[in-house]
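*Asks:* The structure's right below; bear with me while I get my questions together.
There are 2 protein chains.
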Amino acid sequence: MKPKEAPVPDRPQPHPTGAMVIGTELVPGTGAQVQASDPRSGEVVEPVYRAASDEQIDRACALADRAFPQFRALPAERRARFLERIADLLDEHRDALVERAHTETALPRPRLTGEVGRTSGQLRLFAAELRAGTWQRARIDPGRTGDNPRPDIRQRRIALGPVVVFGASNFPLAFSTAGGDTASALAAGCPVVVKAHPAHLGTAELVARIIAGAAAATDMPEGTFSQLVGSGHEIGTRLVSDPRIRAVGFTGSRAGGLAIAAAAAARPVPIPVYAEMSSINPVLLLPAALAARGAALGGEFVASLTLGAGQFCTNPGLIFAVDGPGLDAFTTAATDAVTANPGAVMLTGDIAGHYAAAGTALAARNGVAELAQGARPDGAAAANARLLTVDGAAFIADPQLQNEVFGATSLLVRCADTTELTTAVRALEGQLTATVHADTADFPLAATLLPLLEERAGRILFNGWPTGVQVGHAMVHGGPFPATTDARSTSVGTSAIERFLRPVAYQDMPAALLPAEVCDDNPLDVWRRVDGEVERSELSTG
Amino acid sequence: MKPKEAPVPDRPQPHPTGAMVIGTELVPGTGAQVQASDPRSGEVVEPVYRAASDEQIDRACALADRAFPQFRALPAERRARFLERIADLLDEHRDALVERAHTETALPRPRLTGEVGRTSGQLRLFAAELRAGTWQRARIDPGRTGDNPRPDIRQRRIALGPVVVFGASNFPLAFSTAGGDTASALAAGCPVVVKAHPAHLGTAELVARIIAGAAAATDMPEGTFSQLVGSGHEIGTRLVSDPRIRAVGFTGSRAGGLAIAAAAAARPVPIPVYAEMSSINPVLLLPAALAARGAALGGEFVASLTLGAGQFCTNPGLIFAVDGPGLDAFTTAATDAVTANPGAVMLTGDIAGHYAAAGTALAARNGVAELAQGARPDGAAAANARLLTVDGAAFIADPQLQNEVFGATSLLVRCADTTELTTAVRALEGQLTATVHADTADFPLAATLLPLLEERAGRILFNGWPTGVQVGHAMVHGGPFPATTDARSTSVGTSAIERFLRPVAYQDMPAALLPAEVCDDNPLDVWRRVDGEVERSELSTG
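Protein chains in written order, with the numbering used here: chain Y, 44 to 585; chain W, 44 to 585.
So this is what it looks like as structure tokens:
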């Protein structure tokens with residue numbers, strides 16, 4: 044009962060056909076129909092997709108479980124080549140991906156073109172990281188004989204096991220099928236089962252074909268990658284509950300993330316859940332900066348707020364300013380920019396509906412006033428930018444004012460003085476980012492706020508805007524709850540590989556059996572801690 | 044209503060008085076009576092303790108929360124001196140600690156003397172680790188202007204917040220009040236609230252006074268350390284549920300660990316739970332090793348099995364051997380050694396009762412036969428060693444044979460051949476350790492078993508015995524469930540500091556505000572990754 048279309052071709056075709064990827068097979072789901080619609084017209088987008096059956100879900104998990112021992116044991120170089128092959132194929136098929144994603148998400152073509160580059164670049168960065176080997180965090184405490192003997196202990200990291208990745212609506216490429224979670228999990232040596240986001244199934248299929256093609260071309264074990272289709276929480280709960288799944292990566296709504304965390308908590312065997320959920324990304328305008336360039340800040344702020352219809356996890360949904368010189372100029376400039384904003388079509392009709400409802404609810408809270416609304420274009424999922432305002436005391440008193448409005452709505456909090464600003468910052472929930480606009484005269488105040496921001500956010504920006512997350516070695520895209528369910532890690536940048544690894548120690552292991560990373564002669568030339576000292580040399584243990 | 048005895052003296056007195064430590068105060072609990080008994084006589088040990096009231100629990104959490112911002116922001120050098128002061132005071136009061144712990148636990152004095160040294164040594168190792176600074180995992184991606192501009196991103200790690208530590212019954216010093224979890228949490232910059240183990244309240248009080256004295260002497264903020272008394276799950280659930288607590292360290296039974304994990308899972312805001320629970324530490328005797336030295340292995344095995352009345356997390360509760368030359372010699376030697384074993388007094392009457400019941404249950408399973416029982420000495424909590432046996436097929440068929448018997452009972456699994464051995468290993472749950480006895484001729488078999496063991500254990504030993512956990516940089520004391528609730532970390536060794544840290548990134552932060560670890564001139568002389576390269580130099584970013 045496994046309808047089989049065709050083996051995965053090395054050169055993926057540019058048009059989606061309604062297929063899922065299960066191991067090396069392209070198969071349609073056999074469950075209920077799931078179909079995306081064009082967010083501009085509201086019309087159904089071809090082809091038809093069907094949800095994975097329980098049997099298909101089981102098969103994807105079984106293949107991932109079977110692939111795991113082989114996949115994790117491959118030399119890092121082999122996995123690096125697999126990632127690079129995916130990157131090359133993404134770039135090669137860039138135009139087809141951009142066209143399909145544009146149809147499904149209404150995101151502008153230049154943005155999507157950039158996103159393909161970000162996605163392939165991210166894969167290449169993890170390939171380089173695999174070769175550098177630092178991710179193994181190799182440690183050696185050489186054994187000693189004599190008066191004070193001790194065993195020889197060596198530590199490295201190994202992969203956790205099969206990982207489920209949930210594609211995100213707002214980044215159909217960089218946080219979806221071949222996105223950050225997939226890249227870091229595959230780099231770590233974990234097979235991946237993706238649950239495609241139902242709003243861009245065609246894009247997801249094209250990318251899944253690319254990954255499957257790259258897996259075939261680089262001879263990865265069957266089951267290293269699968270992608271399933273489904274809608275609602277059912278398939279997600281089933282995947283997260285499967286005993287063969289050892290970790291979960293999710294980017295989406297607070298409700299969705301909490302549902303997944305609850306499903307994971309109900310498992311007999313606990314697993315890590317990395318759910319990135321809700322963040323309103325406070326921006327603090329400190330007095331000297333505000334006085335010096337209030338109008339300019341107002342314009343920059345609205346540009347960040349309305350970028351991509353405000354559909355970024357790092358969208359500035361909250362802005363704090365102390366009443367004083369510059370605030371009027373800021374408010375005027377921001378109000379004008381919002382009013383002049385043409386609006387945009389959001390990713391889906393559902394998202395636009397939630398956006399409108401959440402904005403209405405926020406505007407109706409005690410003390411909240413409307414400063415500006417932008418225009419609303421035509422389109423089934425169209426939305427307009429909004430700027431609301433409230434005073435500091437009302438903000439501090441009402442935790443509901445921190446509910447995320449996913450889209451281009453922001454709340455300007457006018458604080459009476461820096462004491463009220465500090466109190467408001469103390470009242471903040473966890474965030475992905477916090478931004479400070481500060482001139483030199485603001486540094487003493489910034490220095491007192493900084494520890495509060497560190498305790499509440501994963502990334503702190505100065506004199507910039509939170510939208511835009513650079514992919515590199517030092518990035519942290521994560522933060523305290525409700526920004527994520529696990530603040531100990533990041534979903535962007537090379538540190539993300541650590542999510543899917545665990546340490547193993549070897550005691551008095553014969554040299555013939557030692558993993559290369561911890562061999563005396565250091566054949567992989569990796570940095571290690573030997574007796575606590577950082578070094579990259581050979582070891583002479585005699 | 045806060046009964047106050049006296050401020051904490053710098054030189055702690057050598058006799059416990061029934062006090063808890065809450066911030067800088069020594070206070071008795073005001074709840075129900077909790078009292079330890081001498082495991083030899085069953086008689087109550089003075090003084091009387093009382094459980095912490097809800098108000099006292101609240102106060103300890105409130106003080107920890109208030110201390111957190113100050114404590115985490117101290118220069119690492121300050122926290123290093125605090126840890127060293129604790130270590131010095133532990134060594135200074137060694138004899139009093141050993142006497143009290145001997146009375147409460149019946150553990151032999153030489154073992155307890157060693158445990159004091161292990162505990163102080165562990166604190167000094169974390170002090171050295173704090174100074175080395177590698178734990179900060181500093182990363183810098185310097186900004187760029189020009190054609191391909193990018194922001195400047197710098198990453199370091201900061202403390203999670205107040206941590207609750209549950210003292211363990213079996214290590215009244217090294218895994219209790221000033222044990223590994225406390226040492227690594229304090230090193231990370233997290234205030235600690237210890238829930239004292241009810242079986243050694245006097246030892247716990249003496250150590251708590253030492254920590255409080257060291258905190259006062261090194262000018263740590265009030266609330267950096269508290270210790271509470273309570274019995275049953277109630278105080279534990281309350282502490283783990285407190286919103287000000289940000290992580291939990293636990294060493295104990297599977298039931299206890301699961302109860303704590305469940306309490307944490309019910310929190311609105313999830314927190315990391317590091318519960319070390321249940322491990323039976325399989326030992327594999329490969330054919331050539333067994334043939335070469337079966338009798339010697341039998342003797343060594345029983346020495347490891349009966350060490351400390353078998354009350355180690357790493358006690359070898361399961362031993363696999365392939366039928367063939369050497370197995371008879373091994374079995375005879377082990378049987379003789381168990382029969383000759385004088386038995387021992389366990390930590391508490393409850394533990395001895397559970398041990399007897401679990402042994403009886405294991406012996407009653409299908410196919411299990413008794414090979415030997417040792418003598419049982421006098422004493423309220425006395426127990427004897429036991430060796431049971433079963434064949435490989437029965438072991439594979441019955442998961443209940445993997446239930447931990449905490450104490451000196453082990454199960455010898457006789458496998459028909461190496462295929463059955465491999466199948467049995469595949470059937471294993473997660474473990475803290477797995478041990479392989481192998482001669483050169485066994486290496487090909489060991490190489491095929493090694494990946495299976497890596498997936499199931501945190502530490503793999505060759506030609507040794509799992510009891511004894513070296514404190515160093517490379518140690519992993521952890522492993523897949525049910526050994527722990529979170530296999531991503533270790534509770535022993537310097538890697539343990541990572542449990543209580545999370546990464547924060549700084550984007551385009553003015554030099555005047557940057558933390559020292561990521562400043563251009565690298566004033567702390569720490570290893571960093573700059574643009575991905577490992578280095579310890581100054582940065583010339585112009």
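Yeah, the Cβ is synthetic: ideal placement off N, Cα and C, and Gly gets one too.
For V468 of chain Y versus P546 of chain W, is the C-beta distance shorter than 8 Å?
*Replies:* No, they are not a contact pair.
*Asks:* Only counting runs of 4 or more residues, tell me where the alpha helix (DSSP H) segments fall wholly within the segment 317-361 of chain W, in order along the chain.
*Replies:* If we require 4 residues or more, the alpha helix (DSSP H) runs fully inside the segment 317-361 of chain W come out as 330-349.
*Asks:* Mind checking L155 of chain Y: buried by the 16 CB within 10 Å criterion, or exposed?
*Replies:* Classification of L155 of chain Y: buried, given that the 10 Å Cβ count is 16 or more.
*Asks:* Report yes if the C-beta distance between L301 of chain Y and G360 of chain Y is below 8 Å; otherwise report no.
*Replies:* No, the Cβ-Cβ distance between L301 of chain Y and G360 of chain Y is not below 8 Å.
*Asks:* Of all the CB atoms in chain W, is at least one closer than 8 Å to the CB of D134 of chain Y?
*Replies:* Answer no: the Cβ-Cβ gap between D134 of chain Y and chain W never drops below 8 Å.
*Asks:* Starting from the C-beta of V600 of chain Y, find all residues in its chain whose C-beta is less than 6 Å away, skip the five residues before and the five after it, and write them out in chain order.
*Replies:* In the structure as shown, chain Y begins at 44 and stops at 585. Residue 600 of chain Y is therefore absent and cannot be evaluated.
*Asks:* Comparing the C-beta of P494 of chain W with each C-beta of chain Y, is any distance below 8 Å?
*Replies:* Output row for P494 of chain W: interface = yes.
*Asks:* Starting from E277 of chain W, trace the alpha helix (DSSP H) in both directions and tell me its first and last residue.
*Replies:* Start and end: E277 to S284.
*Asks:* Does A331 of chain W get closer than 8 Å to chain Y when you measure Cβ to Cβ?
*Replies:* Answer no: the Cβ-Cβ gap between A331 of chain W and chain Y never drops below 8 Å.
*Asks:* Can you name the residues of chain Y whose CB is closer than 8 Å to the CB of S274 of chain W?
*Replies:* Going along chain Y, no residue has its Cβ under 8 Å from S274 of chain W, so there is no contact; the nearest lies around 26 Å.
*Asks:* Which of the three DSSP states, helix, strand or coil, is assigned to G585 of chain Y?
*Replies:* Because G585 of chain Y sits at a pLDDT of 49, beneath the cut-off of 50, its placement in the model cannot be relied upon, and the following sentence gives the value as read from the coordinates. If DSSP states are grouped into helix, strand and coil, G585 of chain Y belongs with coil.
*Asks:* Let me check understanding here. Comparing Cα to Cα, which of W:N427, W:G392 and W:R182 lies closest to R419 of chain W?
*Replies:* Of W:N427, W:G392 and W:R182, the residue nearest in Cα terms is W:N427.
*Asks:* Under 8 Å, do N324 of chain Y and Q474 of chain Y count as touching if we go by C-beta distance?
*Replies:* Yes, the Cβ-Cβ distance between N324 of chain Y and Q474 of chain Y is below 8 Å.
*Asks:* Is it the case that the Cβ atoms of A526 of chain W and G501 of chain W are separated by a distance below 8 Å?
*Replies:* Yes, these two residues count as a Cβ contact at 8 Å.
*Asks:* Run down chain Y in chain order and give the residues with a C-beta less than 8 Å from the C-beta of E158 of chain W.
*Replies:* Simply none; closest approach about 17 Å.
*Asks:* With 16 as the cutoff for other CB atoms within 10 Å, does E86 of chain Y come out buried or exposed?
*Replies:* So E86 of chain Y counts as exposed.
*Asks:* So is D224 of chain Y buried or exposed if we call it buried at 16+ other beta carbons inside 10 Å?
*Replies:* Label assigned to D224 of chain Y: buried.
*Asks:* Does the Cβ-Cβ distance between F654 of chain Y and A228 of chain Y come in under 8 Å?
*Replies:* Not covered by the structure: residue 654 of chain Y. The range shown for chain Y is 44 to 585.
*Asks:* So with CB distances below 7 Å, who are the chain W contacts of N506 of chain Y?
*Replies:* Going along chain W in sequence order, the residues near N506 of chain Y (Cβ under 7 Å) are D551.
*Asks:* So which residues of chain W does G515 of chain Y contact, with C-beta pairs closer than 9 Å?
*Replies:* Going along chain W in sequence order, the residues near G515 of chain Y (Cβ under 9 Å) are R182, D184, R193, I196, D574 and G575.
*Asks:* Which term fits E343 of chain Y, buried or exposed, when burial requires 16 or more other beta carbons within 10 angstroms of its beta carbon?
*Replies:* Buried is the call here.
*Asks:* Can you give the Cα-Cα distance for A517 of chain Y and P442 of chain W, rounded to whole angstroms?
*Replies:* Distance between the alpha carbons of A517 of chain Y and P442 of chain W: 45 Å.
*Asks:* Taking only beta-carbon positions, decide if I201 of chain Y is within less than 8 Å of chain W.
*Replies:* Cβ-Cβ to chain W under 8 Å: yes for I201 of chain Y.
*Asks:* For the segment 465-498 of chain Y, enumerate the residues whose C-beta is nearer than 7 Å to any C-beta of chain W, in chain order.
*Replies:* Going along the segment 465-498 of chain Y in chain order, one finds F486, A489, A490, L493, P494 and E497 with a Cβ nearer than 7 Å to chain W.
*Asks:* Out of W:F449, W:P315 and W:G522, state which residue places its alpha-carbon closest to the alpha-carbon of S532 of chain Y.
*Replies:* Nearest option by C-alpha distance: W:P315.
*Asks:* Which stretch, first to last residue, makes up the alpha helix (DSSP H) that contains R579 of chain Y?
*Replies:* Unbroken run through R579 of chain Y: none, as it is neither H nor E.
*Asks:* CA-CA distance, E541 of chain Y and V577 of chain Y?
*Replies:* Looking at the two C-alpha atoms, the distance is approximately 19 Å.
*Asks:* Distance check for A470 of chain W and L496 of chain Y, CA to CA, integer angstroms please.
*Replies:* Whole-angstrom Cα-Cα distance: 47 Å.
*Asks:* Near G273 of chain Y, what residues of its chain come up, given a Cβ to Cβ distance below 6 Å and the 5 sequence neighbours on each side ignored?
*Replies:* Result list for G273 of chain Y: A94 and A95, in chain order.
*Asks:* Under the three-state reduction of DSSP, which class applies to T261 of chain Y: helix, strand or coil?
*Replies:* Coil at T261 of chain Y, not helix or strand.
*Asks:* Between A451 of chain Y and L348 of chain Y, how many whole angstroms is the CB-CB distance? I'm expecting something under 8 Å.
*Replies:* About 5 Å separates the two Cβ atoms, so the contact holds.
*Asks:* To be precise: take each residue of the segment 300-334 of chain W, compare its Cβ to all Cβ atoms of chain Y, and keep it if any distance is under 8 Å. Which residues remain?
*Replies:* Flagged, chain order: A304, A308, V312, P313 and P315.
*Asks:* State yes or no: is the beta carbon of A407 of chain W nearer than 8 Å to at least one beta carbon in chain Y?
*Replies:* So no, A407 of chain W is outside the interface.
*Asks:* Any beta carbon of chain Y sitting closer than 8 Å to that of S538 of chain W?
*Replies:* Chain Y contact via Cβ: present.
*Asks:* I need the DSSP call for P46 of chain W, collapsed to helix, strand or coil.
*Replies:* Low confidence applies to P46 of chain W: its pLDDT is 46, below 50, so where it sits in the model is not reliable, and the reading given next is rough at best. It is coil, neither helix nor strand.
*Asks:* Run down chain Y in chain order and give the residues with a C-beta less than 8 Å from the C-beta of W570 of chain W.
*Replies:* By Cβ distance, chain Y contributes V577.
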